[in-house]
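Numbering-wise (UniProt numbering), the sequence shown opens with residue 1 and increments by one.
Step one of this worksheet: look at the structure below.
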Amino acid sequence: MRMQYGCFMIYGFGYDDSTDDYKVVGIYCVVGNVGSYETEVKIYTLRTDSWKRILDFPCGIPMDDSGKYANGALHWAASSDAGSSYPWVIVSFDLAKETYGEVAQPNYGGNVSDFTLGVLGGCLCVVCTYLGTHVDVWVMKEYNVKDSWTKLITIPYSTGRPLYSMPLCISKNDEILTESGSSLVIYNSTNNISRCPLIHHFQACVEVVTYVESLVSPIAETRVERQC
């Protein structure tokens with residue numbers, strides 16, 4: 001995982017069910033070329049339509065483009081201090097309490113060359129790349145319980161093209177849709193075959209996310225009261 005040099009912004013968006021509010025967390029990062037860094041974090045709440053400064057990012061520099069939302073919290077993979085078990089940690093931010101935490105990681109084993117954090121089926125997940133051999137997909141089935149990490153699937157490199165930055169969903173017949181660079185790839189774990197779905201009038205994707213349809217708009221000016 002490479003650290004970006006210079007100044008950049010990283011965001012996260014999620015829902016605080018304790019106040020029925022949507023929130024955006026913005027992290028401003030300044031990274032020097034000698035390993036120095038600074039962060040400044042602000043949070044926006046839709047209910048008050050305002051930003052406020054909160055505590056700086058607690059550990060290293062976030063490595064993800066955006067925070068991953070699961071279990072009422074945003075999550076980033078971040079650079080870890082020297083001497084840690086892995087070169088990254090998983091930092092959480094509870095949107096209700098507005099506090100940071102660290103999520104325990106599974107036992108990946110050795111020779112991990114890359115790491116990607118995501119959400120699969122509402123659960124936090126990680127994709128570990130073992131250079132030249134395979135990719136492991138881990139899912140945390142019970143939030144913040146280390147022993148609940150389960151290795152969902154192992155995808156060998158021999159299936160064709162290099163994989164696979166992040167799984168997006170799993171079908172009923174055990175096919176997994178993944179993002180690979182600017183393409184989408186479907187991997188079948190039964191026959192060990194990968195294929196790229198054809199999307200008409202669409203050549204490449206910048207970022208892919210899953211969503212849940214809702215009648216509630218986060219930009220609505222009037223509030224819709226729930227009916228019993």
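Glycine is no exception: its CB is placed at the ideal position from the N, C-alpha and C atoms.
Item to check | Pair within 8 Å by beta-carbon distance, Y69 and V137 | outcome: Residue 69 sits at position 69 when you count from the first residue of the sequence shown. Residue 137 sits at position 137 when you count from the first residue of the sequence shown. Not closer than 8 Å, so no.
Next on the checklist: What residue range does the beta strand (DSSP E) around P62 cover?
Outcome noted: Taking the first residue of the sequence shown as 1, we reach residue 62 at position 62. P62 -> no beta strand (DSSP E), and no H or E assigned at all.
Checklist entry - Enumerated in chain order, which unbroken segments of the beta strand (DSSP E) with a length of 3 residues or greater are wholly contained in the region 12-61? => result 21-31, 37-45, 50-54
Checklist entry - Taking just the CA atoms, how far does D49 sit from Y130? => result For the purposes of this step, residue 130 is taken as residue 130 along the sequence shown, with counting starting at 1. For the purposes of this step, residue 49 is taken as residue 49 along the sequence shown, with counting starting at 1. Cα-Cα distance, rounded: 44 Å.
Item to check | Complete beta strand (DSSP E) runs within the region 133-198 (minimum length 3 residues, chain order) | outcome: 134-140, 149-156, 166-170, 175-180, 183-188, 193-195
Next on the checklist: I'd like to know whether the C-beta atoms of T22 and G67 end up nearer to each other than 8 Å.
Outcome noted: Here residue 22 refers to the residue found at position 22 of the sequence shown. Here residue 67 refers to the residue found at position 67 of the sequence shown. Here residue 22 is Tyr; the residue named in the question, Thr, does not match the sequence. No; because the gap between Cβ atoms is not below 8 Å, this pair is not in contact.
Checklist entry - Can you give, in chain order, each stretch of the beta strand (DSSP E) that sits fully within the region 107-135 and has at least 3 residues? => result 114-120, 123-130
Item to check | Distance between K151 and G142 (C-alpha atoms, nearest Å) | outcome: In the sequence shown, residue 142 corresponds to position 142, counting from 1. In the sequence shown, residue 151 corresponds to position 151, counting from 1. According to the sequence displayed, residue 142 carries Glu and not Gly. When rounded, the distance between both Cα atoms is 13 Å.
Checklist entry - Is the region 101-120 touching the region 39-47, taking contact as three or more C-beta pairs under 8 Å? => result no
Checklist entry - Nearest-angstrom Cα distance between M9 and N192? => result Start at 1 with the first residue of the sequence shown, and residue 9 comes out as number 9. Start at 1 with the first residue of the sequence shown, and residue 192 comes out as number 192. Using only the alpha carbons, I get a separation of about 39 Å.
Item to check | Host beta strand (DSSP E) of G67 (start-end) | outcome: In the sequence shown, counting from the first residue as 1, residue 67 sits at position 67. That residue, G67, is in no beta strand (DSSP E); it is neither H nor E in DSSP.
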